[in-house]
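Colleague: I have a structure I would like to understand better, so I am pasting it below and will then ask my questions one at a time.
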Amino acid sequence: MSSRYIRRNVDAMTGYVPGEQPKDRDLVKLNTNENPYPPTPRIAEYLKGLDPEELRLYPDPVSTRLRQKIADTHGCGIDNVFAANGSDEVLALCTRAFVENDGSIGFFNPSYSLYPILADIRGVGSRVVELDDKFAWRMPSDHRSDLFFLTNPNAPTSLQYDREAVYSFCKGFDGVVLIDEAYVDFASYDCIDMALELGNVLVARSFSKSYSLAGLRVGYCLGAAGLIGAMYKIKDSYNIDRIAQEIAFIALDDIDYMRANAQRVRVTRARMTSALESMGLTVYASETNFLWIDCGDGAKAFFERLREDKVLVRYFPGPRTGNFVRVTVGTDEEADVFLKVAGGQ
Ligand code: PMP
Numbered sequence: 007m008s009s010r011y012i013r014r015n016v017d018a019m020t021g022y023v024p025g026e027q028p029k030d031r032d033l034v035k036l037n038t039n040e041n042p043y044p045p046t047p048r049i050a051e052y053l054k055g056l057d058p059e060e061l062r063l064y065p066d067p068v069s070t071r072l073r074q075k076i077a078d079t080h081g082c083g084i085d086n087v088f089a090a091n092g093s094d095e096v097l098a099l100c101t102r103a104f105v106e107n108d109g110s111i112g113f114f115n116p117s118y119s120l121y122p123i124l125a126d127i128r129g130v131g132s133r134v135v136e137l138d139d140k141f142a143w144r145m146p147s148d149h150r151s152d153l154f155f156l157t158n159p160n161a162p163t164s165l166q167y168d169r170e171a172v173y174s175f176c177k178g179f180d181g182v183v184l185i186d187e188a189y190v191d192f193a194s195y196d197c198i199d200m201a202l203e204l205g206n207v208l209v210a211r212s213f214s215k216s217y218s219l220a221g222l223r224v225g226y227c228l229g230a231a232g233l234i235g236a237m238y239k240i241k242d243s244y245n246i247d248r249i250a251q252e253i254a255f256i257a258l259d260d261i262d263y264m265r266a267n268a269q270r271v272r273v274t275r276a277r278m279t280s281a282l283e284s285m286g287l288t289v290y291a292s293e294t295n296f297l298w299i300d301c302g303d304g305a306k307a308f309f310e311r312l313r314e315d316k317v318l319v320r321y322f323p324g325p326r327t328g329n330f331v332r333v334t335v336g337t338d339e340e341a342d343v344f345l346k347v348a349g350g351q
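Using my numbering, the letters of the sequence shown map in sequence onto residues 7 to 351.
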């Protein structure tokens with residue numbers, strides 16, 4: 007195949023590889039951090055009453071009703087809210103809105119594996135900042151980039167950084183910090199106040215994890231109106247479809263339902279953690295809906311053995327991550343199956 011038609015950096019790069027979505031329904035699926043519980047039942051009611059006639063018309067291009075709901079939820083103005091086609095869209099738009107062609111994007115390693123790929127797509131440099139050997143915060147004082155992707159709590163390590171470290175980094179940083187809070191509903195604190203106080207900080211949220219709506223594709227970010235306005239200039243014309251705007255609104259309107267599910271996940275998380283620890287494994291103190299388990303040089307074999315026993319988890323080869331498996335917190339029944347198979351080690 008000739009590549010002469012393809013942009014050089016696109017030709018050279020590898021694309022993002024999402025976690026497997028297996029066809030086999032018998033698998034206990036603990037590999038992509040989806041929520042094991044269904045979304046609010048009010049969504050089923052809405053879908054039953056949906057008139058397909060509505061789909062004749064384009065959606066609201068700037069998701070006004072949904073954004074007002076998000077703004078009310080967080081106590082900010084609608085101009086501080088960008089509503090997106092999944093939080094992945096927020097990340098991609100940040101690379102286009104806030105990074106010069108000769109600029110760079112910073113992020114920690116290990117962190118969300120999409121970030122270096124977004125830099126490659128944009129054709130700019132990645133400035134990788136290595137976390138310490140326990141995956142704790144370590145920011146060199148001379149770090150510079152146009153945009154820093156800061157996942158908090160971090161994935162795949164499941165840890166939340168010290169709040170003061172995050173705040174003082176954001177305050178002193180000479181660029182935009184996107185705090186990716188995809189997992190924050192399972193954590194101890196959030197950074198919304200930083201986005202509303204500091205002119206260079208955005209906080210991104212997702213409906214995919216805590217709201218049990220990964221299949222919907224809605225996320226959002228909050229921050230200074232100037233940054234939000236720049237993102238609105240460059241987004242796709244109709245970035246969120248009609249049905250998704252409505253369903254995300256309904257989910258936010260029943261936020262207590264989401265919180266109750268997040269609490270169930272936290273309880274199962276604690277139970278899985280102590281069971282694994284009593285098997286002699288090291289489990290990091292998760293602030294997310296997944297566990298980061300140190301398996302030493304047996305990680306790949308553990309992953310493969312689980313797979314043979316029909317439990318699917320995630321393994322990331324590589325020098326920083328190759329001794330670990332990442333396991334999504336499932337229902338109590340799923341946790342029991344996983345623990346039984348894990349215990350047969
Ligand atoms: N940020 C992080 C850290 C994630 O793990 C994910 C999910 N892969 C996302 C963002 C993207 O989430 P969404 O489904 O909202 O696009």
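Beta carbons are placed, not taken as given, at the ideal position from N, Cα and C, and that holds for glycine.
Quick caveat: nothing in here was measured; it's all calculated off a predicted structure.
1. Helix or strand or just coil, what does DSSP make of V273?
2. Can you have a look at D30 and say buried or exposed, based on whether 16 or more other CB atoms are within 10 angstroms of its CB?
3. Thinking just about the alpha-carbon of each residue, which of V347, L318, T327 is nearest to the one in T334?
4. Opposite R320 in the DSSP bridges: which residues?
5. Can you tell me whether A281 is helix, strand or coil according to DSSP?
6. Straight-line CA distance for K316 to L33?
7. Looking at C-beta atoms only, is the number of pairs between the stretch 49-63 and the stretch 296-315 that lie closer than 8 Å three or more?
8. For A142, which option in E340, S151, A291 has the closest C-alpha, if you only look at C-alpha atoms?
9. Could I get the ranges of all uninterrupted beta strand (DSSP E) runs contained in the stretch 33-66, with 3 residues as the minimum, in chain order?
10. CB-CB under 6 Å to D247, same chain, minus the five flanking residues each way: which ones, in chain order?
11. Just to check my reading of the structure: T294 and Y189 have Cβ atoms closer than 8 Å, yes? What is that Cβ distance to the nearest angstrom?
12. Evaluate the contact criterion for the stretch 144-152 versus the stretch 172-190: three or more CB pairs, one atom per stretch, below 8 Å.
13. Please check the pair R102 and I240, which I expect to be a contact at CB under 8 Å, by giving their CB distance rounded to whole angstroms.
14. Within its chain, find whatever has a CB closer than 6 Å to the CB of S69; leave out the 5 residues flanking it on each side and keep chain order.
15. Would a C-beta distance cut-off of 8 Å place C100 and L184 closer than the cut-off?
16. Quick check: does the Cβ of G112 come within less than 7 Å of any heavy atom belonging to the ligand PMP?
17. In chain order, what residues have a CB nearer than 6 Å to some heavy atom of the ligand PMP?
18. What is the rounded straight-line gap between the Cα of A77 and the Cα of G304?
19. Consult DSSP for I76 and reduce its assignment to one of helix, strand or coil.
20. Grab me the residues of V135's own chain with a C-beta within less than 8 Å of its C-beta, minus the 5 sequence neighbours each way, in chain order.
21. Can L204 and F213 be called in contact, C-beta distance under 8 Å?
22. The beta strand (DSSP E) spanning A89 covers which residue range?
23. Near L120, which residues of its chain fall below 6 Å by C-beta distance, leaving aside the five closest residues on each side in sequence?
24. Would you list the residues sitting across from E136 in a DSSP beta bridge?
25. Candidates A125, Y173, L228, Y195: which alpha carbon is nearest L202's?
26. Taking just the CA atoms, how far does T327 sit from G81?
27. Taking a contact to mean a Cβ-Cβ separation below 8 Å, would you say K215 touches N91 in this structure?
28. Could you tell me which of N41, T274, R48, D94 sits nearest to Y226, measuring between CA atoms?
29. I need the boundaries of the alpha helix (DSSP H) containing I253, first residue and last residue.
30. Quick one, which of S164, N158, N267, P162 has its alpha-carbon nearest E170's?
31. Starting from the C-beta of M83, find all residues in its chain whose C-beta is less than 8 Å away, skip the five residues before and the five after it, and write them out in chain order.
Modeller: From the atom records:
1. Within the sequence shown, residue 273 is the residue found at index 267, counting from 1. Correct three-state label for V273: helix.
2. What you label residue 30 is simply residue 24 of the sequence shown in a count that begins at 1. Under this definition D30 is an exposed residue.
3. As a first step, residue 334 must be located in the sequence shown, where it is residue number 328. The residue with the shortest Cα to Cα distance from T334 is L318.
4. As a working note, residue 320 is residue 314 in the sequence shown. Secondary-structure assignment with DSSP links R320 through a beta bridge to R332.
5. For this step, residue 281 is matched to residue 275 along the sequence shown. A281 falls in the helix class under three-state DSSP.
6. On the sequence shown, residue 316 is found 310 positions in, with the first residue counted as 1. On the sequence shown, residue 33 is found 27 positions in, with the first residue counted as 1. Going by C-alpha positions, K316 is about 5 Å away from L33.
7. Taking 8 Å as the limit for Cβ pairs, the verdict is that the stretch 296-315 does not touch the stretch 49-63.
8. As a first step, residue 142 must be located in the sequence shown, where it is residue number 136. Selected option, being the one with the closest Cα: A291.
9. Fully enclosed beta strand (DSSP E) runs of no fewer than 3 residues are not present anywhere in the stretch 33-66.
10. Translated into positions along the sequence shown, residue 247 becomes position 241. Only P65 meet the Cβ criterion.
11. Mapped onto the sequence shown, residue 294 falls at position 288. Mapped onto the sequence shown, residue 189 falls at position 183. Between T294 and Y189 the beta-carbon gap is near 4 Å, inside 8 Å, which marks them as a contact.
12. yes
13. Translated into the one-based positions of the sequence shown, residue 102 becomes position 96. Translated into the one-based positions of the sequence shown, residue 240 becomes position 234. Between R102 and I240, the beta carbon gap of about 6 Å places them in contact (Cβ cut-off 8 Å).
14. Counted from its first residue, the sequence shown places residue 69 at position 63. Hits under 6 Å: A89, I246, Q251.
15. In the sequence shown, counting from the first residue as 1, residue 100 sits at position 94. In the sequence shown, counting from the first residue as 1, residue 184 sits at position 178. Yes, the Cβ-Cβ distance between C100 and L184 is below 8 Å.
16. On the sequence shown, position 106 is the one that residue 112 refers to. Incorrect: G112 has no Cβ contact closer than 7 Å to the ligand PMP.
17. Taking each Cβ in turn, the ones that pass are G92, S93, D94, Y118, T157, A161, D186, A188, S212, S214, A220, G225.
18. Here residue 77 refers to the residue found at position 71 when the sequence shown is read from its first residue. Here residue 304 refers to the residue found at position 298 when the sequence shown is read from its first residue. Approximately 47 Å, taken between the alpha carbons.
19. Walking along the sequence shown from the start, residue 76 turns up at place 70. For I76, the three-state secondary structure derived from DSSP is helix.
20. Taking the first residue of the sequence shown as 1, we reach residue 135 at position 129. Cβ within range, chain order: G112, F113, F114, N115, R144, M145, P146, H149.
21. Here residue 204 is taken as the residue at index 198 of the sequence shown, counted from 1. Here residue 213 is taken as the residue at index 207 of the sequence shown, counted from 1. For L204 and F213, no; Cβs fall outside 8 Å.
22. The count along the sequence shown starts at 1 and reaches residue 89 at position 83. 87-90 is the span of the beta strand (DSSP E), which, as asked, contains A89.
23. Taking the first residue of the sequence shown as position 1, residue 120 is located at position 114. Y22, listed in sequence order.
24. Translated into the one-based positions of the sequence shown, residue 136 becomes position 130. According to DSSP, E136 bridges with N115.
25. Reading the sequence shown from its first residue, position 196 is the one you call residue 202. Answer by Cα proximity: L228.
26. Counting from 1 along the sequence shown, the entry for residue 81 is found at position 75. Counting from 1 along the sequence shown, the entry for residue 327 is found at position 321. Roughly 38 Å between the two C-alpha positions.
27. Against the sequence shown, residue 215 aligns to sequence position 209. Against the sequence shown, residue 91 aligns to sequence position 85. In this structure, N91 does not lie closer than 8 Å to K215 by Cβ.
28. Position 220 of the sequence shown holds residue 226. Of the candidates N41, T274, R48, D94, the one whose C-alpha sits nearest the C-alpha of Y226 is D94.
29. For this step, residue 253 is matched to residue 247 along the sequence shown. Looking at the DSSP string, the run of the alpha helix (DSSP H) that includes I253 is 248-259.
30. One-based indexing of the sequence shown puts residue 170 at position 164. The shortest Cα separation from E170 among S164, N158, N267, P162 belongs to N158.
31. For the purposes of this step, residue 83 is taken as the residue at position 77 of the sequence shown. Rather than Met, the amino acid found at residue 83 in this sequence is Gly. Result list for G83: A77, A231, in chain order.
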